[in-house]
Amino acid sequence: MKSFQKHLLVVGCLISFSILLVLPQCFSGGIILGPDFLFHYNRFYDTAMQIKNGNFQYFISTYGFQQSGRIVNALYGPIFAYLQGILLLLSRTWYNYQIFSRLVLNIIASFSMYYLMRTARIKIRVAVPMACFYLTTFSIQDWTFRQGFTSWGAAVIPFALIPAFKYITDHKINSIQLALCVSLLLQIHVLSTILLVITYIPFFTYGLLKSSTPKKDIFKICIAIFIFLLLTMNIWTVLLAVSHSNNLVLPFINKQMYSYSVTEIGCYWLFTSLPLTAIIVFLLYLSIKKWHSHTPLAKICSINFFVFSILSTSIFPWYLIIKYKIRPLEIFQFPFRFFVIVTIFACVLFAYFLSNHLSKSNNNKIYSILLLIVLVGLFQTTTFANKKYEYWTTSSSPLKNLGMLVFNSENDKKIHDSLYSTDLNSILKLVQKKTPDYLPSYHNNTKKNYALYSRYIISANSHFIKRVRSNSLVVTWYAKKRKTISVPIIKYRNTKLILNGQKITGKKHKYHLIKIGTPVVRQKKGKNKLVVSYNAGNWFLPVMYIVIITWFSCLTYIWWKLFRKLKK
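222 is the number that the UniProt record's numbering gives to position 222 of the sequence shown; each next residue is one higher, with no gaps.
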C-alpha cells in the first residue's frame, strides 16, 4: 500500500508539472507558430479528415498539402500521424491542439525520463525533479517554440534507452522489449531512431565484451532486430517501394551546417534552460576528474555525452562534411539535433551524481540545488513563452517573419482568427508553405523545386475544385476550349489517373509531367474530372496485417509479463 501511494505521488508530481508548463498559454490565449508548423499541421489535418470522413488513403495526401496527392505521411511516422489526427479532432481548434499536444508531450517525456533514471537506480527524490527539469529544456520545448518534431523523439528516447541501461546493470537482454522500444521511436521520428541506434553502440559493445554468454546475447539481439523489422514493415517496405519506383526530392542539404551548431545559431538549445548549461560545464569537469571512480554505466553515458557534445558544436568539422559530400552525416541537416542526446545524458549523469551523494548530512543542500534548477528552468521557459504569446496578441502580422510562406490573404485578423476556428482547414488555405520534400523528380530535375511547387501547386490550386470520394481525390474544373492544362496534383509512378472516365497514360493520351510530377493533360470543353488514386500493389495489405499482428502479440506478451510480476 505504501509503495502504491509513493507511486501515486510520483504520477501526481509529473502530471502536475506537465500541466503547469501549459497553463500560461491557457491564460494568455496566445499561440506560438514556428517554421515547421505548416508542414506538420498539414500532416495531421490530412489524417484527421481521413478519420472523420472515413476516406482512408495511406499513401497520398487527399486533404492536406493543398490536396495535391503528394506522399508525406507514409514516409514520415504514418501511425503516429493518425494518432495526432485523433488528438486534433478531439481538440477541435488549432489553439486547443497546441495546448493538448504540448500536455501529452510533457507527460510522455517526464515519465520516459523518470523511468530511465529509475532504471539507472537513481533515487526517486532526485529522479522526479530532474524529470520535471527535462521538460524545460529545448529538446522538449522545440515543439512549443518551433513545432520541431525532434521533441517527440526526445520524449521517447529515454524510454528507448532503458533496454541498453538494463543490459549494463542487469546483464540481460529482453528481445521483445528492445524491439518494441526502437520500433516505437521509428513509428514517430526516423532521425531520432538513428540517434538512438548510435547511442546503443557503446552500450552493447561493452555489454558483449563483458558478457559471460556473448553468443547467446548476440542471438537475442538478432531476434530483436527480426521483431523490429516486423514491427516496422509499414515504414521500411513503403520507403523502399516508393524510392525504388520514383526519384524522390529528399529534404534539402544544409550547406552551412557548421553555422547551426549549439555554439553558433543554435545556441538557444544550449541556453534553454540556463541550468542545463551549468550542468554540462560541471559534468565536463566531473567526468574527467572522477573518471576512474565511475561505474561502467556512468562511463558509457559519459562517452555518449562527450561524443554528442562534440557533434552538436562547431568543434566538429562540419564544413568538411559538406565539402566532401558525406551523405550519412549530411542527412542530419542541423548539428543542434545531436544536442537532444547531450541533454538526456546530462540530466541522467547529474541526477546520478546527486543521488549517490544524497545522505542525511547534505540532504537539504541537494534538495535546494534540485529546487533551484527546476524553478529557474520553469521561470525561464514560461517567461520566454509569455513573450511569444504577447507578440502573437499584439503584433499585426506575427507570421511575416517565417520563411517560405505564401499568403492567400492580406487580412491579418482573418489569419489570426483561423487558429481559433473549428474550421481546421482555414489556416491551411490562408497560409501555405513551399515544401518540396518527397516529391517525385522528373527530367533530371536538380533545383528550383520550391519555385516549381509554388507555381504549379499553390498558385494554380484556386482554379480547380478538389473533393475526396471513395478514398480517391476528385479534381474538377471547367474549360472554355480544348487545350492542354497543368493540373495541380502530384503523380508518382503508382499514382492512377482517370480523366473524364478514361485511364490515362503518357503515350496513348498525350500527357506529360513537369519536373515535380504535375501532369499536363488535354482537357475538353466544359466540365472536366480527374480522379486520382494510388495503387500500392498486392504486397501492402499483408504487410499491414503482419505489423498489426506483431504489435498486438508483443504488447500482449509485455502486459502478461507485467501482470505476473504484479501478482507475485
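Think of the CB as a built atom: it goes at the ideal place given N, C-alpha and C, for glycine as much as any other residue.
Extent of the continuous beta strand (DSSP E) run through residue i
i	result
N401	Per DSSP, N401 belongs to no beta strand (DSSP E) and is neither H nor E.
I122	Here I122 belongs to no beta strand (DSSP E), and DSSP marks it neither H nor E.
R469	465-469
K483	483-486
V431	431-433
Cβ-based neighbour list, residue i, same chain, cut-off 8 Å, excluding 5 preceding and 5 following
i	result
L428	L38, Y41, N42, Y45, G64
I176	A224, I227, C554, Y557, I558
I280	L270, S309, V342, A346
N304	T199, P202, I341, F345
Three-state class that DSSP yields for residue i in the structure shown
i	result
G526	strand
K496	strand
L248	strand
R146	helix
Q177	helix
S476	Note that residue 476 is Thr in the sequence shown, not Ser. DSSP places T476 in strand when its eight states are reduced to three.
Q141	helix
Y58	coil
Q67	helix
L513	strand
Q25	helix
Q187	coil
Q502	strand
V376	helix
V281	helix
S533	strand
P317	coil
V521	strand
P335	helix
P158	helix
Test item: CB-CB of residue i and residue j under 7 Å
i	j	result
V262	S312	yes
residue 585	L320	The requested residue 585 is not part of the displayed model; the chain covers only 1 to 568.
Y268	S28	no
S110	A127	no
S183	L231	yes
Q147	G34	yes
M404	K434	yes
P129	L284	no
L452	V532	no
A120	S139	no
L354	I373	no
T193	V543	no
V156	L191	no
I162	K220	no
V102	T150	The sequence given here places Arg at residue 102; Val does not occur at that position. No.
Own chain, CB closer than 7 Å to residue i, minus 5 neighbours either side, in chain order
i	result
S418	S426, I427, L430
S211	H171, D217
N247	P440, S441
Opening and closing residue of the alpha helix (DSSP H) in which residue i lies
i	result
H171	Note, H171: premise wrong, no alpha helix (DSSP H); not H, not E.
D46	37-53
I198	190-210
K299	296-311
D217	214-231
K290	Run containing K290: none; DSSP gives neither H nor E here.
S355	339-356
I79	78-91
M544	540-567
P328	327-330
residue 654	Summary: the structure shown does not reach residue 654, with the chain confined to residues 1 through 568, and so no result is reported for it.
K413	412-418
Y268	268-271
Supposed contact pair residue j and residue i - C-beta distance, whole angstroms, cut 8 Å
i	j	result
T93	T343	No, T93 and T343 are not in contact; Cβ-Cβ is about 31 Å, not under 8 Å.
I514	S486	7 Å
R482	Q432	Incorrect: roughly 31 Å between the Cβ atoms, too far for contact.
Y82	T47	5 Å
I218	F80	Wrong, their Cβ atoms sit about 31 Å apart, outside the cutoff.
C26	I122	That belief does not hold up - the Cβ atoms of C26 and I122 are roughly 32 Å apart, past 8 Å.
G77	I490	That pair is no contact at about 20 Å.
P488	Q66	7 Å
R469	S245	Actually they do not touch by this definition, with Cβ atoms about 26 Å apart.
I476	K529	First, the residue type needs correcting, since residue 476 is Thr and not Ile in the sequence shown. T476 to K529, Cβ: 5 Å. Contact.
Cβ neighbours of residue i in the same chain (closer than 6 Å, five flanking residues each side left out)
i	result
G266	Y260, F336
V249	P436, L439, S441, N449
K527	Y478
T272	F138
T518	Y456, S486
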